[in-house]
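Q: Structure below; questions to follow.
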Amino acid sequence: MALDDGFVTLDDAGPLVPGQKKEAVIEPLLSEPWQHLTQGMEIPMHAGARVIGSARILEIVRVV
367 MALDDGFVTL DDAGPLVPGQ KKEAVIEPLL SEPWQHLTQG MEIPMHAGAR VIGSARILEI
427 VRVV
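Every letter in the sequence shown is one number past the one before it in the numbering used here, and letter 61, counting from 1, is 427.
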C-alpha cells in the first residue's frame, strides 16, 4: 500500500509524545492513492523512509 503525502492536524495544540494517542485529521495532497482506504484500517505514518507511527481510520469524508 503506497500513500502520498497529506497534511496532518492534531486535535489540540499540545505536544505528541512517543506512545501517546491523539485524534487527527489527515488531508491527502492527492486523492487517488487514498481511494482504497476504509474505516477501521490502520496505516503507517512516515518521516521519509522511517515509520514514526500509525493511524487508524475513524471516518472518511469525501470532498467532491
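Beta carbons: idealized from backbone N, C-alpha and C, even for Gly.
Grouping DSSP H, G and I as helix and E and B as strand, with all else coil, what is proline 399?
A: As a working note, residue 399 is residue 33 in the sequence shown. Residue state, collapsed to three classes: helix.
Q: Could you tell me which of Gly380, Val383, Phe373 and Val391 sits nearest to arginine 422, measuring between CA atoms?
A: As a first step, residue 422 is located in the sequence shown; it is residue number 56 there, counting from the start. Of the candidates Gly380, Val383, Phe373 and Val391, the one whose C-alpha sits nearest the C-alpha of arginine 422 is Val391.
Q: Could you give the first and the last residue of the continuous beta strand (DSSP E) run that contains isoleucine 418?
A: The sequence position of residue 418 within the sequence shown is 52, counting from 1. Where isoleucine 418 is concerned, the enclosing beta strand (DSSP E) stretches over 416-422.
Q: Could you check whether leucine 369 and isoleucine 409 sit closer than 8 Å to each other, using their CB atoms as the reference points?
A: As a first step, residue 409 must be located in the sequence shown, where it is residue number 43. As a first step, residue 369 must be located in the sequence shown, where it is residue number 3. Yes, Cβ-Cβ distance for isoleucine 409 and leucine 369 is below 8 Å.
Q: To the nearest angstrom, how far is it from the Cα of arginine 416 to the Cα of aspartate 371?
A: Taking the first residue of the sequence shown as position 1, residue 416 is located at position 50. Taking the first residue of the sequence shown as position 1, residue 371 is located at position 5. The straight-line gap from Cα to Cα measures roughly 14 Å.
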